[in-house]
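First up is the structure itself, then whatever we jot down about it.
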Amino acid sequence: MTASPSAGKLRAASGRSVVADKAATVVLWGMGGFVLLLLGLIILHFVIASIGVMSLSFIFGEPGSDTELGGVGPLLFNSLYMLVLAMLIAVPLGLLAGIYMSEYAADNKVTSTIRFAEEAISSVPSIVVGLFGLIAFVNLTHWGFTALAGVLALTLFNLPLMARLSEQALQAVPQEERSASLALGATKWQTIRHVVVPLAIPGIVTGIILTAGRVFGEAAVLLFTAGVGTPHHYNFLNLNIFDENSPWSPFRHTAATLSVFIWKTNSEGTYASQQLQQQVGDGASALLLATVLIFNIGSRFLGRLLTRRLTAA
Amino acid sequence: MTTTTRAENPGEAAIEGAIEAAPAILPPRIVPAGGVAVGPGANAEPPSASGGPKPTPKVSAQNVNIFYGPKLAVRDVSLEVPEKSILALIGPSGSGKSTFLRCFNRMNDLIPGARVTGNVQLDGEGLMDADVSVVELRRRVGMVFQRPNPFPMSIFDNVAYGPRRRGANDKAAMEVLVERSLTRAALWNEVKDDLHKKSGLSLSGGQQQRLCIARVLATEPEVILMDEPASALDPVSTLRVEELMRELRESYTIIIVTHNMQQAARVSDRTAFFNMGEDRAGYLVELDDTRTLFTNPKNQLTEDYVSGRFG
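Chains P and R are the protein sequences, given in the same order. Counted from 1, the first sequence has number 289 at position 290 by numbering that gives the first Met the number 0; the numbering is strictly sequential. Counted from 1, the second sequence has number 200 at position 201 by numbering that gives the first Met the number 0; the numbering is strictly sequential.
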């Protein structure tokens, strides 16, 4: 091409692309900053709102009457208890399903249907899943509102999510890592166990965090399955998991979590004064937020430790 | 798939066994560099039987065809590699060198739709039969890839990976094995202080490739396949890897795929020239002593290629 040697044209062309480049950088940084700012503001809001509410007796105490602040200890316990139970089901099953889908299953109509279903179920409104749970795990089983019914209903969401995210994490491991291992005479399972899964742990941890977020945050599913009754008089010394009065029993009747409690506090006028209701709601929200943050950071940390352990020895 | 012909001639096998058992008595029998030169275009030609019983080739391929789905990728290749020698596979892109290389450790099994016919043997034993353990095969036939691909683990764990997968867990023995493997791969002095501290990925490209070679050596293979092992390396690292190959030749049988003709000329005892046919399938044009193939090729195509006229 014979371009006219006009320096002005050249300068204009390069100038435009430089401006576009700068603009893209500014816009992308701006968007990232905006998201961080939102997160920061939310945290700041609850830190400020919970001043004067947050205390050890609020975190660990039992809920009080309608005229006192009381505590949210049993609700926090329920959130964590349901979290552990839900994870015990979703993580191993979801991971194994993900391994199967990523490493063993052929790419065909059946597997693409499974993938479609896994993603579709995430977009089912949670109130619908809650109602399904009410029929399946509360009424048909004759359990009534129990912790386990809530966990099983949550699993309807969690298991496909965990399976899909695990599969994606495993798929992202470069093929050459598998080849290297197999070429050294490792079996397929050894390759999965010692190379593929350890390398996929950051992605699997993301799956665990998103799954856990659902347990912490979900209210609609639990309203109809684990119940909303404010718990009192938890006796943590009663370790008999078959005793329905023990807080450790999955069949314990009504197991409201923090997020269900927040929903209830804000939607039903259960407290004598508007101000008290506001305080309890803010305090519980701040506590839930802190719990989620601690869980997420802790998961990342443990994930890194686990990667190091699995890739060694 | 044809089956193995190992026990076809028990008498010959016995003689070979005797030769192997007493190499000192019959040293000239174990031909060092490319005892048998297959003539031009002599694809399917088995080694001539004129010289009486000769050592079983370490690895051999007879009438090997490789398909990707319906497409023929490699057509009717037959060749043999004597023990403790280096065979270089050269040829233009698409001539099927790498694909052919991968049938010696059955890595083609991993490619969906890939199919190999013909007969491939290790020590006279067919390795494509259904009852062959690919795990055992790949321990005896190691592979170094084009791009250095150490695991994201410590240097020590990289080298120990293969042995550990076979249940080796004696700490002291493992340390000896790791040191020996790294020493043989000419990497020990550079990494001996960082065995556990540094990740294999923190090394330079050339060091990574030598780590990958050490990792293969730790599995104590008999044959090492190298798929363009130096193509991603700088010239200095390339020379180090080439030196290493010459040293390894003392103990191992090596097949190397390379785009680099000088490299083939520098390191190999024999060279096989592959080309892509009009049906776009790769085939073996000529196999000969490296010097002969480069200086006095019998086939015009080979001459054109080694003199840089195409490819």
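For each residue, glycine too, the CB sits at the ideal point set by N, CA and C.
What does a CB cutoff of less than 7 angstroms around VAL76/R pick up in its chain, not counting 5 residues either side in sequence?
Closer than 7 angstroms at the Cβ level, and outside the excluded window around VAL76/R, lie ASN42, ALA60, VAL63, PHE99, TYR282, LEU283.
With a threshold of 16 other CB atoms inside 10 Å of the CB of ALA213/R, please say whether the residue is buried or exposed.
Flag for ALA213/R reads buried.
Taking VAL279/P as the reference, which of THR290/P, LEU292/P, THR186/P, ILE261/P has the closest Cα?
For VAL279/P, the closest alpha carbon among the candidates THR290/P, LEU292/P, THR186/P, ILE261/P is that of ILE261/P.
Proximal residues of chain R, C-beta to C-beta of VAL150/P below 8 angstroms:
In chain R, no part has a C-beta under 8 angstroms from the C-beta of VAL150/P; the shortest such distance is about 36 angstroms.
C-alpha distance - SER230/R paired with ARG239/R, whole-angstrom precision:
When rounded, the distance between both Cα atoms is 13 angstroms.
Residues near MET161/P by beta carbon distance below 6 angstroms, same chain, minus five either side
Around MET161/P: ALA89, GLY93, GLY206, THR210.
Spell out the partners DSSP gives THR142/R in its beta bridges.
Reading the sequence as shown, one finds Met at residue 142/R and not Thr. For MET142/R, which the question treats as bridged, DSSP gives the partners LEU224/R.
Between VAL214/P, ALA254/P, TYR233/P, which lies nearest to VAL291/P when the distance is taken from Cα to Cα?
Here the closest residue by C-alpha is VAL214/P.
Proximity to MET106/R [Cα-Cα], best of ASP303/R, VAL80/R, TYR304/R, ILE65/R
Measuring C-alpha to C-alpha distances from MET106/R to each of ASP303/R, VAL80/R, TYR304/R, ILE65/R identifies ILE65/R as the nearest.
Cβ neighbours of GLN120/R in the same chain (closer than 6 angstroms, five flanking residues each side left out)
So the list reads SER59, once near-sequence residues are dropped.
Would you call the CB atoms of PHE131/P and VAL137/P closer than 8 angstroms?
Here PHE131/P is not near VAL137/P, since their CB atoms are 8 angstroms or more apart.
Beta bridge counterpart(s) of ASN77/P as assigned by DSSP:
Within the DSSP secondary-structure output, ASN77/P pairs in no beta bridge.
Thinking C-beta only, is GLY129/P closer than 8 angstroms to LEU219/P?
One point to set straight first is that residue 219/P is Ala, not Leu, in the sequence displayed. Taking 8 angstroms as the Cβ cut-off, ALA219/P and GLY129/P qualify as a contacting pair.
Below 8 angstroms on C-beta distance, what does PHE144/R contact in chain P?
Neighbours of PHE144/R on chain P, chain order: GLU175, SER178, ALA179, ALA182.
Using C-beta distances below 7 angstroms, list every residue in its chain close to ASP108/R, excluding the 5 sequence neighbours before and after it, in chain order.
Only VAL133 meet the Cβ criterion.
Over what stretch of residues does the beta strand (DSSP E) that includes ASN274/R continue unbroken?
Segment 269-275, the beta strand (DSSP E) holding ASN274/R.
Using only CA atoms, which one of ILE240/P, THR154/P, LEU287/P, ASN239/P lies nearest to GLY216/P?
It is LEU287/P.
VAL140/R versus VAL195/P: straight-line alpha-carbon distance, rounded:
As the crow flies, the alpha-carbon of VAL140/R is around 23 angstroms from that of VAL195/P.
Same chain, Cβ closer than 6 angstroms to PRO230/P, neighbours up to 5 away in sequence not counted:
The answer, listed in chain order, is PRO73.
is_contact[VAL172/P, chain R] using C-beta, thresh 8 angstroms
It does not: the Cβ of VAL172/P has no partner Cβ on chain R nearer than 8 angstroms.
With a Cβ-Cβ cutoff of 8 angstroms, do ALA271/P and SER49/P count as a contact?
No, Cβ-Cβ distance for ALA271/P and SER49/P is not below 8 angstroms.
Rounding to the nearest angstrom, what Cα-Cα distance links ILE24/R and LYS96/R in this structure?
Note that ILE24/R scores 34 on pLDDT, short of 50, meaning its location in the model is unreliable; the coordinates nonetheless yield the value given after this. Distance between the alpha carbons of ILE24/R and LYS96/R: 37 angstroms.
N- and C-terminal bounds of the beta strand (DSSP E) containing ASP287/R
281-288 is the extent of the beta strand (DSSP E) around ASP287/R.
Can you tell me which of GLU82/R, SER94/R, PRO81/R puts its alpha carbon nearest to the alpha carbon of LEU71/R?
Ranking GLU82/R, SER94/R, PRO81/R by Cα distance to LEU71/R puts SER94/R first.
Considering only residues of the same chain and omitting the five flanking positions on each side of SER180/R, which have a CB-CB separation below 8 angstroms?
Contacts found: VAL158, ALA213, ARG214, LEU216, ALA217.
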